[in-house]
Every structure is written in C-alpha cells, then in structure tokens.
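Sequence order for the protein chains is A and B.
The end of the first sequence is residue 410 by this note's numbering, with every number in the run present.
The end of the second sequence is residue 1104 by this note's numbering, with every number in the run present.
Backbone N, C-alpha and C fix where the C-beta goes; we use that ideal spot for every residue, glycine too.
Here is the structure we will look at, set down as structure tokens.
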Amino acid sequence: MGDHGAVIVGAGECGARAAFALREEGYAGPITLLGAERHLPYERPPLSKDGMSADAPGIKTIAEASRYESAAIRLMLSTEVASIDRARKSLNLGDGTTLPYETLLLATGARPRLLSLADTSRHCLYLRTHDDAGLIAARLGSGPRVIIIGGGFIGLELAASARGRGCDVTVLEALPRLLARAVPEGIAAVLADAHLRNGVDIRFGATIAAIEDKDSGVEVRLGDGSVLQADLCIIGIGAIPNVELAERAGLATDNGICVDETLRTNDPAIFAAGDCCSFPLSIYGGRRVRLEAWRNAQEQGTLAAGNMLGRHAAHASVPWFWSDQYDLTIQIAGLADEGRTTIRRNMGEDAFILFHLADDGRLVAASGIGRGNAVARDIRLAEMLIARSARPVADKLADAEIKLKSLLAA
Amino acid sequence: MTDWIEACAADDVDEEDVIRFDHEGRTFAIYRSPDDEYFATDGLCTHEKVHLADGLVMDDIIECPKHNGRFNYKTGAAKGAPVCVNLKTYPVKVEAGMVMIQLS
Ligand SMILES: Cc1cc2nc3c(=O)[nH]c(=O)nc-3n(C[C@H](O)[C@H](O)[C@H](O)COP(=O)(O)OP(=O)(O)OC[C@H]3O[C@@H](n4cnc5c(N)ncnc54)[C@H](O)[C@@H]3O)c2cc1C
Ligand code: FES
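Spelled out as structure tokens, the structure:
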C-alpha cells in the first residue's frame, strides 16, 4: 500500500475496531480515524441501559487514548468529513483541508429516524450518542412523566431504565405488538408482560396525530382522539443509515452503502462496514441485509481491515444481538423471519429458546429469553449449528435434557 | 502465604466445561479442558462483571455469555473484542478426587 495509508471515516464501534485490527494484521503504514463526535470512541449499548441509572452517564470507551497512541493511530475527533473526491483519492474535511487516502473505510453508522411532528418541541429527545444520553438522563432525575414513542429495543430499554428511576412511563407502539420486526411473538409477549408488571403503560395500535409543547411539558394527541401529557417524550422509531457521504461520491446505496461479501463498495479502494452498510448474508443465500448490531459492527470492522490490506475474506457470520430489560436478557442468533416452523425448548424459571427451522429442516435462527444469562450458552451453540446449516432433529432441540453441544458433534 | 482450598469434586465439572465456585465473598471459575486438565480463573469477565461459568468452553477458550468476549482460561489472556484486560489465573491441583486451587 502507498504512503497515504488507511483512512477510516466514523469513530464508532466499527471504525475503532477496524483501526486496531489494521495494526493487529501487521499493517505498518499511517492509519487515520476520523469521527464527528467529540468523545473517544465508546460503546453505545450501555446508553439505554446502565447509562440511564444516574443523572450523568459514564462513558465506556472502547480503548483509552494511550492505546491509540501506542498503536500509532491518528485520531481526529470533532471532525466531520464533508465529501470524498474519488478521482483524487482524498477527503474534504469541511474546513477546507483535505486528507488523501490509499484505502478508505466508511463506518459512518446510523442516526435516529426523526418524527416530523416533533420538530418544534423542546421536550422531545432522541437517543444515539453519549451527549443525547446525557440530556435524557439528566431529565429523568426528577421522576417525570415520560412518553416513549416506539416499542423497539431502544424505547423498551429506556422504558425499563426510566421505571428504575421512578418515572411514570407510557410506551406508544403503532403495531399490535412489540418488536414486530426482529423478535418472534412468543418472546415479545414475555417482554410486554414484564413491562406491564413493572408498571409501564403500553398502548398498542397508537398513531400520533399531534405533538405540542405546553407550559408544563408536552402534549401528545393520538389518532383515536386521546390526549397524553408528559414532561418528556423520547422518540425511538428506528434508525437510518448515514449514506449521504457515499451517495454524493456516487457509490451505490440500497438501504445502506452497498458492499459485496468482502465489504467492498463499487469503488475498489473504498469499503463500508457496520450499521451504515447493506451486505449479502451468505448463510441465507446472499439475502441483502443491513444490521444494527454491536457484534456485527466489530466483526465487520475487523474483516474490512484485513480486506483493505488486500485479503479477500468473505463475511460469513451469523447475525447476533442481545437486549437487556429489567432482569431479562434476550439473545437472538440468525434472522427469525427465515424460519417456517418453531420449536420451543423450556429451560426452567421462565427461560426458553425458540428454534426457527426452514422448510428443508435447516436451523436458521434461535431466539431466547431468560433472567441473566440463562439462555446464553445454548444460543451460542445454536449459532454454531446455524453457521453449519445443520438440520437437527426437532425432538432433540425441544428436550432441554439433551445438550446442544452433543448435536454439534453429530 | 500459600493457601490451597478445596473447590469442588473432580467429576463436578464435565470435560470441556466450567463451573462457578464462590469462596469468602470471591467468585471463581473452575475449568476442565478437553484433555482432562483442570484450571481456575477469576469468576467474572473483565468487560462487565458477568459470571464466566455461564459461558461456553471451546478447547482452551472460555467465551463470556454476555457479549462473547474470549479468554484463554489456561493463561488468562484476553483474546479479542470486547475484552482487553486479562483474567487472573490460579494454580490448580487434583488430590483424592478433589480440585484444589491456590489463592495468594
Ligand atoms: C442506545 C443504543 C443501545 C444499543 N444497544 C445494543 C444492544 O443491546 N445490542 C446490540 O447488539 N446492539 C446495540 N446497539 C447497536 C450498536 O451500538 C450499533 O450497532 C453500533 O454502535 C454500530 O457501530 P458503527 O460503528 O457501525 O456505528 P456508530 O456506532 O453509529 O458510529 C458511527 C460514527 O460515525 C460518525 N460519523 C458519521 N458520519 C460521519 C462523517 N461524515 N464524518 C465523521 N464522522 C462521521 C458518527 O458520528 C458516529 O460516531 C445499540 C445502539 C444504541 C444507539
Ligand atoms: S461482559 Fe464479558 S464480554 Fe461483555
């Protein structure tokens, strides 16, 4: 690789892991990691969980400043890349300066989808960054009435955290159930139950007609005419990928920056990884997906780093994510919507796993819920079975006495 | 000062598996490797304080149940994201069918 070295745009989970991976792969040239936020790269998952337990959330950095120094990674924070000049292989940094690259990784992540009805409200907040979390956490302290728009993961984790701070919480969900996109019905129902037991008021089928600031807070009017009052409204209606930089540079996008299985864009010098990219998932015959998941951001950052150095390794892992709400953890390996039939394995004390099988008997996904880490080990083993396209016998999956590890050996 | 304490019976741990052992307010993980040797480490992951005994043992790796951080349980070495701080290990011996670990 030439002198201009490797440049990474986006200093989040994916970008930071990629920077370290380049060094671990033995790359000796210059590495620059650029990020729009002012903080050292940090972990986002705690923002909606433990981060909400006090007025001022701590920051869980991915690595201390000294580790970037000793790995000779040039970290440029508070720096937003304005455009890419692909012909010159150089970035414009907005302030008139340019930065050349030999190979480029776009790890620009995603941002909250905005609700236009809330545009003028001072009491409606979104959560993506540490600074967002600071604003929200500071307002939970006085135990306000909180409305959460959107029963997705971030909304539900925030609902649990806000109950933990003694807030009065209402969740407004447009669909008839929670987490309809990513979580099977049986598990969503257990979560809904947990929220009800913990005193959260969930309104299903709720459409928002108007949002208006009042002297004492915010008023949300629903499609059915009912009016709700709150001190604070948090909106969690999904995320959209940060593709504008790529788009302006003429790179292909399709619900994310389009990459092939090696995470390369249609420009051979440019890769994309993490929440911002859409990629073909080989375990499902190349189905194009975009994931918003922490481990995926790490794995793709590491894979992209190797490929920036000339490897041609293909992404082959199984999607995996978790969510924590109250004392419950859910973990899902694979995409449940690939399955046709479901087999349940009861693991005692309200813990269970749903195995999702395709028509040909292949295990394609496994969704588990339980207290603490009750389902973790079996979900991990299921993930390995999924990766191997295994066709386990249904009765064995259902029988908690049969160790999943024994099916792996089969 | 060397202090050997009895952690568990040798056959309390399956091959290529791990169990939790609590002692005087501390928590440990006791491993039995695929080649039938025993090892001991601190019980909690160095990323967030999660019991490693709920995790999965594969060869000489223990994988944390929470976010899949990995350690070599024989050396304690952290083996990649998200863990970067090594795990403390303890000497182990098996005597009269009991697994003993040495706390210092
Ligand atoms: C509150 C919250 C809770 C979560 N909880 C979980 C969980 O429990 N489990 C799970 O699996 N996942 C969870 N996630 C998802 C996980 O955090 C993401 O998948 C992960 O952060 C994606 O990493 P990334 O690097 O691709 O993107 P990001 O972390 O979003 O980082 C992208 C970075 O790029 C910067 N950037 C964008 N454009 C530019 C530009 N032009 N110039 C410079 N910088 C730019 C952004 O400012 C940002 O800092 C959670 C996310 C959030 C927000
Ligand atoms: S708690 Fe062990 S990897 Fe996060």
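Task: Met308 (chain A), DSSP secondary structure in three states - done: Position 308 of the first sequence, counted from the start, is the residue given in the question as residue 308 (chain A). Residue state, collapsed to three classes: helix.
Task: beta strand (DSSP E) segment containing Arg181 (chain A), residue limits - done: Taking the first sequence and counting its residues from 1, the one referred to as residue 181 (chain A) is at position 181. Here Arg181 (chain A) belongs to no beta strand (DSSP E), and DSSP marks it neither H nor E.
Task: Identity of the residue in A:Gly225, A:Leu104 and A:Thr32 nearest Gly205 (chain A) by Cα - done: Against the first sequence, residue 205 (chain A) aligns to sequence position 205. If we check each option's Cα against that of Gly205 (chain A), A:Gly225 comes out closest.
Task: Extent of the continuous beta strand (DSSP E) to which Met76 (chain A) belongs - done: Taking the first sequence and counting its residues from 1, one reaches residue 76 (chain A) at position 76. Start and end: Ile73 to Met76.
Task: Distance cut 5 Å, beta-carbon to ligand 2 heavy atom: residue list by chain order - done: B:Cys1045, B:His1047, B:Glu1048, B:Val1050, B:Cys1064, B:Lys1066, B:His1067 and B:Gly1069
TODO: Report the partner residues of Asn346 (chain A) according to the DSSP bridge assignment.
DONE: What you label residue 346 (chain A) is simply residue 346 of the first sequence in a count that begins at 1. According to DSSP, which records beta bridges pairwise, Asn346 (chain A) is partnered with A:Phe352.
Task: Supposed contact pair Lys1074 (chain B) and Asp1054 (chain B) - C-beta distance, whole angstroms, cut 8 Å - done: Counting from 1 along the second sequence, the entry for residue 1054 (chain B) is found at position 54. Counting from 1 along the second sequence, the entry for residue 1074 (chain B) is found at position 74. Asp1054 (chain B) to Lys1074 (chain B), Cβ: 20 Å. No contact.
TODO: Evaluate Leu344 (chain A) with the Cβ neighbour count: other Cβ atoms within 10 Å of its Cβ, from every protein chain shown; 16 or more gives buried, anything less gives exposed.
DONE: On the first sequence, residue 344 (chain A) is found 344 positions in, with the first residue counted as 1. One point to set straight first is that residue 344 (chain A) is Arg, not Leu, in the sequence displayed. Arg344 (chain A) is exposed by the Cβ-count criterion.
- [ ] Output, in chain order, the set of chain A residues within a Cβ distance shorter than 8 Å of Thr1049 (chain B).
- [x] Here residue 1049 (chain B) refers to the residue found at position 49 of the second sequence. Here the sequence assigns Lys to residue 1049 (chain B), which means Thr is not the residue at that position. Here the premise fails: no neighbours, minimum Cβ distance about 11 Å.
TODO: Anything in chain A within Cβ reach of Leu1087 (chain B), meaning under 8 Å, just list it in chain order.
DONE: For the purposes of this step, residue 1087 (chain B) is identified with residue 87 of the second sequence, where counting begins at 1. Result: empty, since nearest Cβ-Cβ is about 17 Å, beyond 8 Å.
- [ ] Starting from the beta carbon of Asn92 (chain A), find every residue of chain B whose beta carbon is closer than 8 Å, and list them in chain order.
- [x] Mapped onto the first sequence, residue 92 (chain A) falls at position 92. Neighbours of Asn92 (chain A) on chain B: none; closest Cβ ~31 Å, over 8 Å.
- [ ] Indicate the three-state DSSP secondary structure (helix, strand or coil) for Ala249 (chain A) in the structure shown.
- [x] Within the first sequence, residue 249 (chain A) is the residue found at index 249, counting from 1. Here Ala249 (chain A) sits in coil by DSSP.
Task: Simplified DSSP assignment, three categories, for Thr302 (chain A) - done: As a working mapping, residue 302 (chain A) is identified with position 302 in the first sequence. For Thr302 (chain A), the three-state secondary structure derived from DSSP is helix.
- [ ] Assign Gln298 (chain A) to one of two classes, buried (16 or more other C-beta atoms within 10 Å of its C-beta) or exposed (fewer than that).
- [x] Residue numbering aside, residue 298 (chain A) sits at position 298 when the first sequence is read from its first letter. With 16 or more Cβ atoms within 10 Å of its Cβ, Gln298 (chain A) is classed as buried.
Task: Within chain A, the residues that Gly1055 (chain B) reaches when beta carbons sit closer than 9 Å - done: Residue numbering aside, residue 1055 (chain B) sits at position 55 when the second sequence is read from its first letter. Around Gly1055 (chain B), the beta-carbon contacts reaching into chain A at under 9 Å are Asn373, Ala376, Arg377 and Arg380.
Task: As assigned by DSSP and simplified to three states, the class of Phe204 (chain A) - done: Locating residue 204 (chain A) in the first sequence gives position 204, where the first residue counts as 1. Here Phe204 (chain A) sits in coil by DSSP.
TODO: Measure from the alpha carbon of Glu383 (chain A) to the alpha carbon of each residue in A:Ser367, A:Arg248 and A:Gly199, then state which is nearest.
DONE: Here residue 383 (chain A) refers to the residue found at position 383 when the first sequence is read from its first residue. Closest by alpha carbon: A:Ser367.
Open item on the list: If you measure between the beta carbons of Leu106 (chain A) and Lys89 (chain A), is that distance less than 9 Å?
Closed with: Translated into the one-based positions of the first sequence, residue 106 (chain A) becomes position 106. Translated into the one-based positions of the first sequence, residue 89 (chain A) becomes position 89. Not a contact, by the Cβ cut-off of 9 Å.
TODO: Check each candidate in A:Glu69, A:Gly12, A:Leu357 and A:Ile369 and name the one with the smallest Cα separation from Arg340 (chain A).
DONE: The residue given as residue 340 (chain A) occupies position 340 in the first sequence. With distances taken between Cα atoms, Arg340 (chain A) lies closest to A:Leu357.
Task: alpha helix (DSSP H) segment containing Arg1026 (chain B), residue limits - done: Locating residue 1026 (chain B) in the second sequence gives position 26, where the first residue counts as 1. That residue, Arg1026 (chain B), is in no alpha helix (DSSP H); its beta strand (DSSP E) goes Arg1026 to Arg1032.
- [ ] Could you check how far apart the C-beta atoms of Ile416 (chain A) and Leu172 (chain A) are, in whole angstroms? I think they sit under 8 Å.
- [x] Since the first residue of chain A shown is 1 and the last is 410, residue 416 (chain A) is not available in this structure.
Task: Three-state secondary structure (DSSP) of Arg163 (chain A) - done: As a working mapping, residue 163 (chain A) is identified with position 163 in the first sequence. Helix.
Open item on the list: Against chain A, with Cβ distances strictly below 9 Å, would Ala1040 (chain B) count as a contact?
Closed with: The residue labelled residue 1040 (chain B) in the question sits at position 40 within the second sequence. Judged by the 9 Å Cβ criterion, Ala1040 (chain B) is not in contact with chain A.
TODO: Quick one: list the residues of chain A neighbouring Pro1065 (chain B), beta-carbon separation under 7 Å, in chain order.
DONE: On the second sequence, residue 1065 (chain B) is found 65 positions in, with the first residue counted as 1. Near Pro1065 (chain B) (Cβ distances below 7 Å), the residues of chain A are Asn373, Ala376 and Arg377.
- [ ] Would you list, in sequence order, the uninterrupted alpha helix (DSSP H) runs of no fewer than 4 residues that lie entirely inside the region 4-57 of chain A?
- [x] 13-24
TODO: Please confirm if Ile31 (chain A) has its CB atom under 9 Å from at least one CB of chain B.
DONE: One-based indexing of the first sequence puts residue 31 (chain A) at position 31. So no, Ile31 (chain A) is outside the interface.
Task: Any non-hydrogen atom of ligand 1 within 8 Å of Lys49 (chain A) CB - done: As a position in the first sequence, residue 49 (chain A) is number 49, starting the count at 1. Within the cutoff, so yes.
TODO: Measure how close the beta-carbons of Thr1041 (chain B) and Lys1093 (chain B) come, nearest whole angstrom, since I'm counting them as under 8 Å.
DONE: Start at 1 with the first residue of the second sequence, and residue 1041 (chain B) comes out as number 41. Start at 1 with the first residue of the second sequence, and residue 1093 (chain B) comes out as number 93. Actually they are not in contact, since the Cβ atoms of Thr1041 (chain B) and Lys1093 (chain B) sit about 16 Å apart, beyond 8 Å.
- [ ] Closer than 7 Å by C-beta to Trp322 (chain A): which residues in its own chain qualify, once you throw out the five before and the five after it? Chain order, please.
- [x] Residue numbering aside, residue 322 (chain A) sits at position 322 when the first sequence is read from its first letter. Excluding sequence neighbours, Trp322 (chain A) sits near Thr329, Ile330 and Gln331.
Open item on the list: Just to check my reading of the structure: Leu115 (chain A) and Ile237 (chain A) have Cβ atoms closer than 8 Å, yes? What is that Cβ distance to the nearest angstrom?
Closed with: Position 115 of the first sequence, counted from the first residue, corresponds to residue 115 (chain A). Position 237 of the first sequence, counted from the first residue, corresponds to residue 237 (chain A). At roughly 6 Å, the Cβ-Cβ gap stays under 8 Å, so Leu115 (chain A) and Ile237 (chain A) are in contact.
Open item on the list: So, at 6 Å on beta carbons, what are the nonlocal neighbours of Gly51 (chain A) in its own chain, with the 5 sequence-adjacent residues on each side left out?
Closed with: In the first sequence, residue 51 (chain A) corresponds to position 51, counting from 1. Hits under 6 Å: Pro57 and Ala133.
Task: Three-way DSSP call (helix, strand, coil) for Ile149 (chain A) in this model - done: As a first step, residue 149 (chain A) is located in the first sequence; it is residue number 149 there, counting from the start. Residue state, collapsed to three classes: strand.
Open item on the list: Rounded to the nearest angstrom, what separates Met308 (chain A) and Ala269 (chain A) at their Cα positions?
Closed with: Position 308 of the first sequence holds residue 308 (chain A). Position 269 of the first sequence holds residue 269 (chain A). Going from the Cα of Met308 (chain A) to the Cα of Ala269 (chain A) covers about 8 Å.
Task: Alpha-carbon spacing of His315 (chain A) relative to Leu281 (chain A), whole angstroms - done: Start at 1 with the first residue of the first sequence, and residue 315 (chain A) comes out as number 315. Start at 1 with the first residue of the first sequence, and residue 281 (chain A) comes out as number 281. In a straight line, the C-alpha of His315 (chain A) is about 8 Å away from that of Leu281 (chain A).
TODO: Just the chain D side, please: which residues come within less than 9 Å of Asn1072 (chain B) by C-beta, in chain order?
DONE: This model lacks chain D altogether, as its protein chains are A and B.
- [ ] Compare the C-alpha of Asp324 (chain A) against each of A:Ile154, A:Asp360 and A:Thr253 and name the closest.
- [x] Locating residue 324 (chain A) in the first sequence gives position 324, counting from the first residue. Among A:Ile154, A:Asp360 and A:Thr253, the Cα nearest to that of Asp324 (chain A) belongs to A:Ile154.
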